[in-house]
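Visitor: Quick one: the structure is below, and I'll ask about it shortly.
Number of protein chains: 2
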Amino acid sequence: MNIVFSPIGIIHTPFMEPEGTPIQTVFSKETRGAVEVFDQYRQALTDLDGFSHIILLYYFHQSRGPKLTCRPFLDNQERGLFATRAPARPNAIGLSIVELIKVENCLLTIGCPDMIDGTPLLDIKPYIGDFDVKANIRTGWYATAQNRVQTAADRRFSGS
Amino acid sequence: MNIVFSPIGIIHTPFMEPEGTPIQTVFSKETRGAVEVFDQYRQALTDLDGFSHIILLYYFHQSRGPKLTCRPFLDNQERGLFATRAPARPNAIGLSIVELIKVENCLLTIGCPDMIDGTPLLDIKPYIGDFDVKANIRTGWYATAQNRVQTAADRRFSGS
Numbered sequence: 014m015n016i017v018f019s020p021i022g023i024i025h026t027p028f029m030e031p032e033g034t035p036i037q038t039v040f041s042k043e044t045r046g047a048v049e050v051f052d053q054y055r056q057a058l059t060d061l062d063g064f065s066h067i068i069l070l071y072y073f074h075q076s077r078g079p080k081l082t083c084r085p086f087l088d089n090q091e092r093g094l095f096a097t098r099a100p101a102r103p104n105a106i107g108l109s110i111v112e113l114i115k116v117e118n119c120l121l122t123i124g125c126p127d128m129i130d131g132t133p134l135l136d137i138k139p140y141i142g143d144f145d146v147k148a149n150i151r152t153g154w155y156a157t158a159q160n161r162v163q164t165a166a167d168r169r170f171s172g173s
Numbered sequence: 014m015n016i017v018f019s020p021i022g023i024i025h026t027p028f029m030e031p032e033g034t035p036i037q038t039v040f041s042k043e044t045r046g047a048v049e050v051f052d053q054y055r056q057a058l059t060d061l062d063g064f065s066h067i068i069l070l071y072y073f074h075q076s077r078g079p080k081l082t083c084r085p086f087l088d089n090q091e092r093g094l095f096a097t098r099a100p101a102r103p104n105a106i107g108l109s110i111v112e113l114i115k116v117e118n119c120l121l122t123i124g125c126p127d128m129i130d131g132t133p134l135l136d137i138k139p140y141i142g143d144f145d146v147k148a149n150i151r152t153g154w155y156a157t158a159q160n161r162v163q164t165a166a167d168r169r170f171s172g173s
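Top to bottom, those sequences are chains A and B. Using this note's numbering, the first residue of the first sequence is number 14, and each one after it goes up by one. Using this note's numbering, the first residue of the second sequence is number 14, and each one after it goes up by one.
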């Protein structure tokens, strides 16, 4: 069964290549990016400006994959791919929750982007606390590696 | 530009049709579901059991779309599609954060499913507070409609 998607826009960020691109949005608090939504979807952006945060789903277009395991940059051993956020996924869909700063026609200004410039956008969803904020969570290998989450750049797209 | 994905598994829930399927996972706290991951991806599930919550990305296979606006079941007026979580999206990708109760070989037991039985699974990601929990959020039209979020079933797949 093949499922065919097409980009609905392009994400523009200051990050031109995988090396130096921050891991997840928590590391790029001062950075701005832009989401250019294709004009045919303009009407679908109505009401989005009421939301402070949005979920971006996008295509990891530079993913070299898939792999079944990978070594997260935070960690020193191989982990199952689905227990990581690495790009080398069977379906290379990336997910980032970013701050929505401004909506101007088809151009969204976002805070804290963590994807490569030119990333094809697949979907935009509003971030809603009732659905998306969970409490009392356990985070497995990540919890123990968490103290190492200080570095702003990673090697997630290269090699392992 | 076409992007071709294939299911990595199937989601099983008690919900056989759109009518009666809960809106988002907050309404199905007592419900259990199962994620059957195809055997070829077994190794990618390693380490997942350390996480209490996972993000499921899936294909809204019964979506009648796309539409550029829709009337959310919570609301009484049309909203821009990207400001809603409705299935009628240009790329019909669904996102739910569910509790991970058990991992047994390729079968995950999950809590609070909100999708239809037989939904094709596209990706599994670990839910990580540092990346996925945001504070001080504004939720636009949803905030004003929030008080109406009491009903467990919706008409999100039918008509508008």
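Glycine included, each C-beta is placed from N, C-alpha and C at the ideal position.
Is I16 of chain B close to chain A, meaning its C-beta is less than 9 Å from at least one C-beta of that chain?
Guide: yes
Visitor: Tell whether a beta-carbon distance below 9 Å holds between L69 of chain B and L120 of chain B.
Guide: no
Visitor: Name, in chain order, the residues that DSSP records as bridge partners for P139 of chain B.
Guide: According to DSSP, P139 of chain B bridges with B:I67.
Visitor: Considering only the alpha carbon of each residue, which of A:D143, A:R77 and A:K147 lies closest to D143 of chain B?
Guide: A:K147
Visitor: Tell me, please, which residues DSSP counts as bridged to H25 of chain A.
Guide: A:A47
Visitor: Going by DSSP, what residue range makes up the beta strand (DSSP E) through T122 of chain A?
Guide: L120 to G124
Visitor: Is the beta carbon of R174 of chain A less than 9 Å from the beta carbon of P126 of chain A?
Guide: Any question about residue 174 of chain A goes unanswered here, given that chain A covers just 14 to 173.
Visitor: Under 8 Å, with one C-beta from each stretch per pair, do the stretch 85-96 of chain B and the stretch 58-67 of chain A reach the 3-pair mark?
Guide: Contact between the stretch 85-96 of chain B and the stretch 58-67 of chain A is present, because at least three Cβ pairs lie under 8 Å.
Visitor: Please tell me whether N149 of chain B has its Cβ less than 9 Å away from any Cβ of chain A.
Guide: By this cut-off, N149 of chain B is an interface position.
Visitor: Excluding sequence positions up to five away, which residues of its chain have a Cβ less than 7 Å from the Cβ of S65 of chain A?
Guide: E112 and L113
Visitor: List, in chain order, every chain B residue whose beta-carbon is nearer than 8 Å to that of L58 of chain A.
Guide: Near L58 of chain A (Cβ distances below 8 Å), the residues of chain B are G93, F95 and A96.
Visitor: Measure from the C-beta of Q159 of chain A to each C-beta in chain B and report whether the shortest distance is under 9 Å.
Guide: yes
Visitor: Tell me the rounded alpha-carbon separation between G153 of chain A and T122 of chain B.
Guide: For G153 of chain A and T122 of chain B, the distance between alpha carbons rounds to 17 Å.
Visitor: Please report the straight-line C-alpha distance between T164 of chain B and F86 of chain B, rounded to a whole angstrom.
Guide: Low local confidence applies: a pLDDT of 49 at T164 of chain B is under 50, so the model's placement there is unreliable, with the coordinate-based value given in what follows. Each residue's alpha carbon lies about 10 Å from the other.
Visitor: Look up R55 of chain A in the DSSP assignment and say whether it is helix, strand or coil.
Guide: If DSSP states are grouped into helix, strand and coil, R55 of chain A belongs with the helices.
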